[in-house]
Each structure stands twice: as structure tokens, then as C-alpha cells.
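Visitor: There's a structure below that I have some questions on.
Protein chains: 2
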Amino acid sequence: MGVKLNFSVEDRRAIILRAVVEAYIGSAGPVGSAQIASLPEISVSSATIRNAMYSLEKEGYLAQPHTSAGRIPTEKGYRRYVDELMTSVELGSEPSDTIDSFFSSAYYEIDDLLSATTTLLTNLTNCAAIVTGPSPQKTQILAVQLIGLNQHSVIAVIVDENGSVEKRTIEWPTYTNESDLREISILLTEHFKDKEARDVSVAPIGSNTGLNALLELAFSAVKDAIRNAENSGVFISGTSRVVQSFDAVETVRGIVSILERHFMVLGLMRSVLASGHGVAIGSEHGLSSLKECAIVVAPYSVDGVQMGTIGLIGPTRMNYGSVIGAAKVVSQNLGRRLSEG
Amino acid sequence: MGVKLNFSVEDRRAIILRAVVEAYIGSAGPVGSAQIASLPEISVSSATIRNAMYSLEKEGYLAQPHTSAGRIPTEKGYRRYVDELMTSVELGSEPSDTIDSFFSSAYYEIDDLLSATTTLLTNLTNCAAIVTGPSPQKTQILAVQLIGLNQHSVIAVIVDENGSVEKRTIEWPTYTNESDLREISILLTEHFKDKEARDVSVAPIGSNTGLNALLELAFSAVKDAIRNAENSGVFISGTSRVVQSFDAVETVRGIVSILERHFMVLGLMRSVLASGHGVAIGSEHGLSSLKECAIVVAPYSVDGVQMGTIGLIGPTRMNYGSVIGAAKVVSQNLGRRLSEG
DNA sequence: ACTTAGCACTCGATAGACTTAACTGCTAAA
DNA sequence: TTTAGCAGTTAAGTCTATCGAGTGCTAAGT
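Residue numbers (numbering that gives the first Met the number 0), protein chains in the order written: chain A, 0 to 340; chain B, 0 to 340.
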């Protein structure tokens, strides 16, 4: 009943499962007992490993492509690896330096920053990277400006505190002079100023009914543009990078076809985020085209408010440690960077 | 020396080349002499076809994958087909209807229109489709608006006659009050108004030196944003569609990797447009990743001025008639639609 | 001078038989 | 409980034979 200094059998099985997952991630081929036995951290014979593998297979953590082959991890195996066996989610010093220097260089336009961030992530992880911009619902509007476009339409331009610009065209067949447009612009700007867009739900009231009709319309156009912008500030890169991990052309086609549809990717990220894990492996997320992929998401916050999300999509046999690590570190840096303004 | 009513041998060879190209486009497999002989428009025996094919191969229009296989067209063969043999670039009535109804429906935002146009083209042709937005250099600026972003920067928002909005952040560590910003905005707007952006090369002059420094900076920021916007209004769709025409995973990877880099696609379109053909087949354009693809481009004009370009990328064995037809008809419609405002 | 039938020939693709090599699972001993 | 040893299983590679699609050429027909 005394404390054991040795590993228990169960402990060792966990170590073996970890070793198998990591070996498979490294080699992309089925892992045999001899291969594991030869690892420095393993001090038992291949026969013992075989026994352990046998029970790990019965428990559903490993599988054999065919009888006389080595083992590969199942989804359940990956899941356990990610949840409890993974050694570390630390990044090496080399990637850390890359990230530091990236975030200390200048990006004036927020779009450029976000887009470059996807490239950074792709380079760090060999995964497809997704970065969603700060939610316009949660940022403060800096200014709303109406500009007459032609005889029958007016364009509303919305600028938020991050320097994002949204626009919406308003059909308005009546001629409106510039000073009226300016007055409405000022009213709207005042109305939205220093509040989060989602908190503003009623239109301001103008000085006369002639203005009020356009004001009303402009207000809902602004609200609509902001709602819509949620789906537009999405940056994706690295499709060709993920695709290098797969040989089956059908798999490649499926991945390309999903990544091409940004709204699908957004939905996927939302559902993974909602699941609370931050990682969805294989069929866990339910998108069959990506059943050979894992998705890692990490939200980023600006001044304590969750603003957007970082996502990474790679093969299920990705290096979870470094991918999750990269997502974490980059999301922290991005949040900090954005809060600096 | 009299006019022959019969086909000359050379004429018939051309007809056979056309038949081979079209059969290959239809079946994607090497075309044999018997297959051609059985076509209704061919009234000679397969042996005659074989002779003709033999010389077409010697002349470089056809090739054999291996000795005992049928023929497939070479690039030179496709080129001749496109240049002189193609029967028609007409669209059927069904696609024409689709295009008509597309362009008669409402799109308030120009971005939505252009993006939907790529989807339309992809559906019509099964190719990847590219639409470049109206060149901001050639459109008239409607308004320039400066808005203070924070203590150290000001954002310039530029609206053009198409309703496109561009922006650029200006580093300006000095506090500037709103009325100064408004004054500069008005000066810049007046300065650019009713001219094409590229024709405006000197900054306006403000009322005092304090303003002039920011004015100068804002002017070059505007010029710069416009120059830069040339590369940003690009819409691409249908990557997963082209990719369905290829089985070799290497080919698929190469195509994805090019289409992902918008600037590469833009450069490609420019070079094809410059070549004057409007169609580049296989290695003609020099991008080895797309050596199994053909590119069709068609510029569109608004009020007689060439504004942007439509591009289609598909396999070399695409249906050139319908793809070229779709590009033409859509580019005309798009130009017309944009000129209506 | 062309066109055509006929035929030998070439070459990829498919299928079957055999070998090899990588691993396993089990047994029996330590 | 661990380990050595070994028989058993299976995919992958190699070899050979067969099949079939399609050619190029020859000789005869128009």
C-alpha cells in the first residue's frame, strides 16, 4: 500500500500511447513495437510493448490498418493524447523569436496585420490559418459619414476604433444636399460614439421629418452593415500548405472546397469554440470533408473582451503541441497588439 | 485551276483536327481513328483518318501518349483549334438566360456584384473565375474624409464613383482638432473631385503651414491607397471546381497554390491580356504549376474605358467555345451594368 | 492520286502466382 | 510480470501471361 516509485502498468500504457502518437506524427507510417522499444525513454522489451499495444487497441486508442501492420492512433487516441498525455505546448525559442519580431514590426492597416498573421501562423505550423477580425459589434464606432453616390443612392461609411471601415449603399431616390447629409452624418456619429455598436438599437431623431426618413434608413443600413461585417473580416491562408499533408486527391479536393467557402470555415470555428475544447479531431466536428483534419481554435481578447478567433486546420497527425502552442502565443500577442491601438 | 467544291485534303485535315480536339475535350481520353470515323460529319474510313492523324502528328498538332494509343491534342493543336478551327463561341440559350437574369437582379454593393459574378462564371464554365474590380486609378474620386483614430494616427477614407471605399492610416503624432481635419477633407475632396485619380499628381495647398504638413501627408496617403487598391479588389472563386478536372495530386497542389496567391493570378492575367490573344494554353504563359491549364481573359469597359478584367482558369481540355463565350458575354454585361451606376 | 481493307505489331492495363518483409499474437520459460 | 522465440498474417513488390485498343504499313481498289 506504500507509494510506488516505479511506474504502474497503467502509467506505462499511457507513456506507450504517447510514444505511439508522437512516432506516428513524426513518421506518418504505422508504428511497430520494435520502433517504440528502441526509444530512449522506453526500457522494456518489444514483447511488453506488444502486450500494451494490444490492450490499447482493445480500449480503442489504437488501430491496425491490417493484421500484420503497426498501430496508428484512433481519434480517441489523439483525443486522450491532447487532453492528458501531451508533454508540452511550449514553443521552441526559434518560433518564439519569429513571433516576437513579427508583432514588434509595424502594420498600419488592421487588415494587413490580420492577413500577415495568417501567413505567420501558416509558416509556424504548416496548417491553414484563419484569423477573424475584431467583431464590429463589440468595437466602438468612431464615425459615420454619408456621401451622395449618384441620383438614386447614398453611401454610408462607418469607421471603428480599430480603423476598420465598413460601407453600405442606401437607395434614396430623392435629391439630398450636402449639408443635410452632413447633418445626418453628425447625428449618427454622435449617436454611436463611445458605445459598442450592438448596444445601439434605436435611431437618433433629426430636426425635421424630411431628414428623419433618410436618417431612419441610414441607421438601419449602418446596423446592417455592422451585422454583416461579422462575416467579412475573415482572413484565410495556407490552403496549399495543409494540402501537402495528403496524398489522396479526394481528400485534397474536399479540403479545398471547404476552405474556399469562408462562411463554412467560420461556422466550423464557432462550433469548435462552443464545444469548449479548443481542438476538434477528425469527425468530432462533423464536417466529413475534413474528417482527416484537426482544428485548433483560440480566441483573442482586447482589453479583456473576446474580439476574434484564430484557427488552424491541419492533418489529424499534426504536431498538436506546437500547433496549440502557436495558436495560444499568437492569440495573446495579437490581442495585446490590438489593444495598443 | 477552277474552284473546288470538294474539300481539299488540307481542309479535311483541319476538320479531323477539330474533331479530335472536340472528342478529346468530351471524353478526356485519347482519341482513336475509329472513334473519329464514326462521327456523322466524317465520311471517310478510319484508315484515311489514320493517315491524316499521322501527318497531323508529324506537324505537331497531335501526340500519342504511347505507340498503341489514340491521339491527344498538343498545345499547338489546341492553339490552332482556338485560332481557326473552333466552330462557335456562342452560348446556348440556357446559359444566356442565366446571365440575363443574373445581371437584371439587384446588387447594391459593388463588391457583392463582383463576387457574385465570379460564382456565376464558375457555374457557367466549371473553371476558376477571377474578376478584378474597376481600376481605382481610372475612376473618379467622390470624397476623401479624414477621421482621427487615436492620439497618434488619422485615417483617410476614400470613396469613388462606383461606391468602392478605400482607406489608409496616417501616422500623425500631433493632436489635430476636428475642424482642421474637416478642412483638409474638404480640400482633398475638392482637389480630387471629377478627375481620375491618376491624373492628380500634386497636393492641394492649405490655408496655413500647420495644416499643410498633414495635408501633404494625407495626399500621398490617398495616392498610395489608390495605387495599392489596384491589387485588392480581386475576387476569385471556383478553385475546387477546376481541381475536379485533375486526378494527379501534384497538379492539384500546384493549382491551389497559385490561385491562393492573388497577386500571382493578377500578374498572370495581365501577361495574358498583354499577349493580345485573350487565351493562353498550357505552357504559353510560363507558369509551370499551371501547365495543364488554359487561361481565358476578357477585359470589360465602362463607358468605353477599360476598367477591369475577367479571367477563367480551367484544364487545357476545357470547352473553349463555351468558356470564351461566357467570358465575352459576362464582360459585356458587367461593363454595361457598371456604367448604369 | 486517293482511299480503303486487312493484318502484323506495339504497348499499356489487368490478373494471377510467388516472394519478401514487416509485424503481430501466442506460448513457454525466466 | 516480463521476455525470447516463433508461427502466422498480410500488403507490397516482382514476374509472367493474356488481352485489347489502336496503330503503321502494304497492297488492292476507285
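In this text, a Cβ means the ideal position worked out from N, Cα and C, and glycines have one as well.
Give me whichever residues DSSP pairs with THR131/A in a beta bridge.
Guide: VAL233/A
Visitor: In chain order, what residues of the same chain have a beta carbon less than 6 angstroms from the beta carbon of GLU160/A, not counting five sequence neighbours either side?
Guide: Cβ neighbours of GLU160/A beyond the five flanking positions: THR138, GLN139, LEU141.
Visitor: Identify which residue in GLN144/A, GLY303/A, VAL19/A has its Cα closest to the Cα of TYR80/A.
Guide: VAL19/A
Visitor: Buried or exposed, going by whether 16 or more other CB atoms sit within 10 Å of the CB of THR315/A?
Guide: buried
Visitor: Alpha carbon to alpha carbon, what distance is there between THR168/B and SER104/A?
Guide: 16 angstroms
Visitor: Are the stretch 328-339 of chain B and the stretch 100-118 of chain B touching, with three or more C-beta to C-beta distances below 8 angstroms?
Guide: yes
Visitor: Quick one: give me the first and last residue of the beta strand (DSSP E) that LEU148/A is part of.
Guide: 140-149
Visitor: Mind checking if VAL164/A is an interface residue toward chain B, Cβ cutoff 8 angstroms exclusive?
Guide: yes
Visitor: Going by C-alpha to C-alpha distance, which of ASP82/B, VAL130/B, THR73/B, LEU123/B sits closest to MET306/B?
Guide: VAL130/B
Visitor: Which partner residues of LYS192/A appear in the DSSP bridge assignment?
Guide: ILE140/A
Visitor: Would LEU123/B count as contacting chain A if we go by Cβ distances under 8 angstroms?
Guide: no
Visitor: Kindly list the residues whose CB is nearer than 8 angstroms to the CB of VAL255/B, restricted to its own chain and excluding five residues on each side of it in sequence; keep chain order.
Guide: THR238, VAL242
Visitor: Would you call VAL304/B buried or exposed, if buried means 16 or more other Cβ atoms sit within 10 Å of its Cβ?
Guide: exposed
Visitor: When the Cα atoms are used, what is the spatial distance from LEU38/B to ARG260/A?
Guide: Each residue's Cα considered, the two are about 42 angstroms apart.
Visitor: For GLY275/B and ALA326/B, I'd like the C-alpha separation in whole angstroms.
Guide: 15 angstroms
Visitor: Per DSSP, what kind of secondary structure is GLN305/A in: helix, strand or coil?
Guide: strand
Visitor: Going straight from the alpha carbon of ALA68/A to that of MET263/A, what length do you get?
Guide: Their backbone Cα atoms lie some 37 angstroms apart in a straight line.
Visitor: At the 8 angstroms Cβ level, is TYR174/B part of the contact set with chain A, yes or no?
Guide: no
Visitor: Enumerated in chain order, which unbroken segments of the alpha helix (DSSP H) with a length of 4 residues or greater are wholly contained in the stretch 224-296 of chain B?
Guide: 238-241, 248-259, 261-274
Visitor: Just reading off the alpha helix (DSSP H) that VAL329/B is part of, what are its end residues?
Guide: 319-339
Visitor: Secondary structure at ALA155/A, three-state DSSP: helix, strand or coil?
Guide: strand
Visitor: Have a look at VAL158/A, ASP193/A, GLN144/A and flag the residue whose alpha-carbon is nearest the alpha-carbon of LEU180/A.
Guide: GLN144/A
Visitor: Below 8 angstroms on the Cβ atoms is my guess for GLY162/B versus VAL153/B; work out the distance and round it to an integer in Å.
Guide: No, GLY162/B and VAL153/B are not in contact; Cβ-Cβ is about 23 angstroms, not under 8 angstroms.
Visitor: Any C-beta of chain B within less than 7 angstroms: which residues of the stretch 99-125 of chain A qualify?
Guide: TYR107, GLU108
Visitor: Compare the C-beta of GLU189/B with all C-beta atoms of chain A and state if any pair is closer than 8 angstroms.
Guide: No, no contact with chain A.
Visitor: From the DSSP output, read off the bridge partner residues of ILE169/A.
Guide: VAL153/A
Visitor: Out of curiosity, what's the CA-to-CA distance linking ARG12/A and THR66/A?
Guide: 21 angstroms
Visitor: So what does DSSP say about LEU123/A, is it helix, strand or coil?
Guide: helix
Visitor: Report the three-state DSSP secondary structure of ARG181/A (helix, strand or coil).
Guide: Here ARG181/A sits in helix by DSSP.
Visitor: So SER239/A contacts chain B; which residues on that side make the cut at Cβ distance below 8 angstroms?
Guide: The contacting residues are ARG252, VAL255, SER256, GLU259.
Visitor: Once you ignore the five residues that flank GLY132/A on each side, which residues in its own chain have a CB closer than 6 angstroms to its CB?
Guide: Here the set comprises LEU113, GLY232, GLY307.
Visitor: So which of THR116/A, VAL164/A, SER206/A, VAL201/A has the shortest CA-CA distance to TYR299/A?
Guide: THR116/A
Visitor: Would you tell me roughly how many angstroms separate the C-alpha atoms of ASN227/A and ARG197/A, rounded to the nearest one?
Guide: 12 angstroms
Visitor: Which word fits GLY253/B, buried or exposed, when buried means at least 16 other C-beta atoms lie within 10 angstroms of its C-beta?
Guide: buried
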